[in-house]
Structures are given as C-alpha cells and as structure tokens.
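Scroll down for the structure; my scribbles are underneath it.
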Amino acid sequence: MIETISGDCLTCLDNIDYGKFDLTFLDPPFNQGKEYRNHKDNLPESVYWEWMKDVCRKILELSSDGAALYFLQREKNTGEVLRIIKETGWTLQNLVIWKKNTSAIPGMYRFGKHYQIIAFATKGSRPRVFHWLRIDPPLPNAYRFQRKDGVYLTDVWDDIRELTSGYFAGDEALRAENGERIHKQQSPIHLLLRILLSSTNPGDLVLDPFAGTGTTSVVAQQLQRRSVGIEIDEENVIAKKERIEDFRKSDDILRYADYYAYTPEIENIWGQQPKRSKLYQGRSQLHLSCTGS
Ligand SMILES: C[S@@+](CC[C@H](N)C(=O)[O-])C[C@H]1O[C@@H](n2cnc3c(N)ncnc32)[C@H](O)[C@@H]1O
Numbered sequence: 000m001i002e003t004i005s006g007d008c009l010t011c012l013d014n015i016d017y018g019k020f021d022l023t024f025l026d027p028p029f030n031q032g033k034e035y036r037n038h039k040d041n042l043p044e045s046v047y048w049e050w051m052k053d054v055c056r057k058i059l060e061l062s063s064d065g066a067a068l069y070f071l072q073r074e075k076n077t078g079e080v081l082r083i084i085k086e087t088g089w090t091l092q093n094l095v096i097w098k099k100n101t102s103a104i105p106g107m108y109r110f111g112k113h114y115q116i117i118a119f120a121t122k123g124s125r126p127r128v129f130h131w132l133r134i135d136p137p138l139p140n141a142y143r144f145q146r147k148d149g150v151y152l153t154d155v156w157d158d159i160r161e162l163t164s165g166y167f168a169g170d171e172a173l174r175a176e177n178g179e180r181i182h183k184q185q186s187p188i189h190l191l192l193r194i195l196l197s198s199t200n201p202g203d204l205v206l207d208p209f210a211g212t213g214t215t216s217v218v219a220q221q222l223q224r225r226s227v228g229i230e231i232d233e234e235n236v237i238a239k240k241e242r243i244e245d246f247r248k249s250d251d252i253l254r255y256a257d258y259y260a261y262t263p264e265i266e267n268i269w270g271q272q273p274k275r276s277k278l279y280q281g282r283s284q285l286h287l288s289c290t291g292s
C-alpha cells in the first residue's frame, strides 16, 4: 500500500485512519528562507517551533507503542528538537550525526558546519523494532587487516551523501525536462533505506508528513512496508506519483544490499529475496539468499 495525500499534514492527519504508524520520517522545511511553492520558510521562530510541536504531538497520538520517530534538522536547532521531543512525550534514543559528505558551511567566527542531526526517538522507552545493522565501509587507512564481517552502525553516519545542487546531485535527483531539480531538498534513497531497515519490519506502516518527492514511499515499497505520505505542494505530489509509477534505476535499493549483507538475518529485515544480480555474487551469498526470483 502506498498512499499519497495532497494537503497540509496537520489537517490531513486529523482526517485519516490507516491504523497506527510504526515509523515516521520527519523532514520538514527548516525555516531558513528556502524557496517552497506552497510554504513560507521564514516564520517567526516561536511560530515555527509551536508548529513542529503540534506535528510531533499529533504523530505520537497516531503511533503504535514503541514506534520510531526520525526527526531531521539543522545542527543549530538541536536544542529545540530535543526540547520538543521531550515536551511532546517521545523518548530520545539517539542523536544521530549525519555528516553529509559535502562541503562544510564556512563560518567567520566559528568552525565550519559539517553535519545535520537526526533525532531518533520512540513512543515509550523501548523500540518495538530495532535492528542493529552491520555495514561494510572501506577499511580506514591505519587498519592492518581486512575485517571479516563489517562493523555495527553507530550514531555517526558519514557514509551517505546528500543530494547537493549541480553535478554532484547525480542521477538520483529528480529533474524537469530543462534539467532543473524538481525538489532541492530531495532526501537520498540510502538515508531512508537505513532508517527503515533499522526500525521497521516488512508489513509495517510508515508515515512521512512532509513527503516532498516521496523518497520514503519509494524505499518503503521496495522493502514491502506500507506508507502514507502527505505533501502540500501539488507539483511534488505529481512528481512522487510519477516516480512510483515509472521506477527509475537510480531509486533501486538493491545496490546497497552488499553494504548491509553482514547484518544478522538481513533477509528477513529486507523483506524480499534480492533479485539475482552481479552485486550478490561471491561474499554476499553467505549472507543474502540469492535464490529468489
Ligand atoms: C524538506 S522537504 C521534504 C523532502 C522529502 N524528504 C523528499 O525526499 O523529497 C519538506 C516538504 O514539506 C512540504 N510542506 C511544507 N509545508 C507542508 C505542510 N504544512 N504539510 C505538508 N507538507 C508540507 C514542502 O512542500 C516540502 O516538499
């Protein structure tokens, strides 16, 4: 199931009933004066944070026990995010540092800013699902021996590149016919893959109240999770629908299967047997069953 709803998320959340959400990816506008077609990204600070508080409170109400919230924000807003999580009744599990593999934002009187935060919180003190993923990044220079089976994921994520503007956004970025990006804040597929693998099982229900171009749903569909995405901008809603109907190779999560192949029981978490592919020959056959269709 993939539901795409057009409208304001708070209004829509008051009027929908798909059952309780098991995970929410919260990637709102950051109130930093970016261009949005249907949203003013320069609200007074107090208005903006009251809005975020209402959204977090509403999501908690609509979530299952132990459900996960991943709240993405600028690093300078860490204090407000932690306050809101606490005041709305969520339990903080991790403050993830997402070092985005792009240039730092320079500063004249402080260190350059090189990361965003993702607050991972749950409804209640224990997550209903948490898969501690093992990843297989390149060996750091000082290491003498190859690892046998990857490393456990920590709360510092420095291996997922943001889709920056221009050339480096790569072929994952959705583009209009004139080559312009359709949505400059489009999230990377790999970010959502990691979040959904960590905190959901196949069949779970995932919410994205600021769905944009539908990255969450595109990943959820491939992992056999159900998803609901709400988006206020009709052009983004159309882009999301087209993206789901007309599947692009650049949205394929299978290219990351090897990277997570050392995670215990990854076949069950992934939710499907990865298709036979060159990617899965050799080492990964030990970890991912490649006998499916
Ligand atoms: C940071 S972007 C999310 C991008 C998304 N993660 C993706 O991969 O495309 C925030 C989105 O929230 C949408 N938005 C702004 N106000 C909204 C509201 N009140 N309700 C629902 N969506 C809203 C914007 O149009 C924008 O697409």
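Numbering that gives the first Met the number 0 puts the first residue of the sequence shown at 0, with every later residue one more than the last. For each residue, glycine too, the CB sits at the ideal point set by N, CA and C. In this text, all values refer to a predicted model and were calculated from it rather than measured experimentally.
Going by beta carbon distance, what residues of the same chain come within less than 6 Å of residue i, once the five residues before and after it are set aside?
| i | result |
| --- | --- |
| Ala29 | Note on residue identity: the sequence assigns Phe, not Ala, to residue 29. Counting only Cβ-Cβ distances below 6 Å, and skipping sequence neighbours, we find Arg73. |
| Arg160 | Asn100 |
| Lys239 | Thr3, Thr212, Gly213 |
| Tyr47 | Asn30 |
Is the beta carbon of residue i within less than 7 Å of some heavy atom of ligand 1?
| i | result |
| --- | --- |
| Cys8 | yes |
| Tyr255 | no |
| Thr23 | no |
| Gly169 | no |
| Gln72 | no |
| Pro43 | no |
| Gly211 | yes |
Do you know whose CA, among the options, lies nearest residue i's CA?
| i | options | result |
| --- | --- | --- |
| Arg36 | Met107, Glu230, Glu2, Arg242 | Glu230 |
| Glu60 | Val80, Val46, Ile15 | Ile15 |
| Ile96 | Val150, Ile188, Asp26, Ile117 | Ile117 |
| Leu196 | Gly106, Glu266, Thr90 | Glu266 |
Would you mind reading off the limits of the alpha helix (DSSP H) that contains residue i?
| i | result |
| --- | --- |
| Ile117 | Looking at the DSSP string, Ile117 is not in any alpha helix (DSSP H); the run it does join, the beta strand (DSSP E), is 114 to 121. |
| Tyr47 | 44 to 60 |
Leaving out five residues on either side along the sequence, give the residues of the same chain with a beta carbon under 7 Å from the beta carbon of residue i.
| i | result |
| --- | --- |
| Leu192 | Val218, Ile252, Tyr255 |
| His38 | Pro28, Ile231 |
| Lys57 | Leu9, Leu12 |
For residue i and residue j, what's the separation of their Cα atoms in angstroms?
| i | j | result |
| --- | --- | --- |
| Lys248 | Glu171 | 9 Å |
| Cys289 | Gly6 | The predicted position of Cys289 is uncertain, since its pLDDT is 29 and thus under 50; a value taken from the coordinates is nonetheless stated next. Cα-Cα distance, rounded: 41 Å. |
| Pro208 | Thr23 | 8 Å |
| Asp157 | Ala210 | 24 Å |
| Ala67 | Leu190 | 15 Å |
| Phe20 | His113 | 32 Å |
| Thr121 | Val150 | 24 Å |
Could you spell out where the beta strand (DSSP E) holding residue i opens and where it closes?
| i | result |
| --- | --- |
| Val95 | 90 to 98 |
| Asp207 | 204 to 207 |
Leaving out the 5 sequence neighbours to the left and right, which residues in its chain are closer than 8 Å to residue i when beta-carbon positions are compared?
| i | result |
| --- | --- |
| Glu44 | Asn30 |
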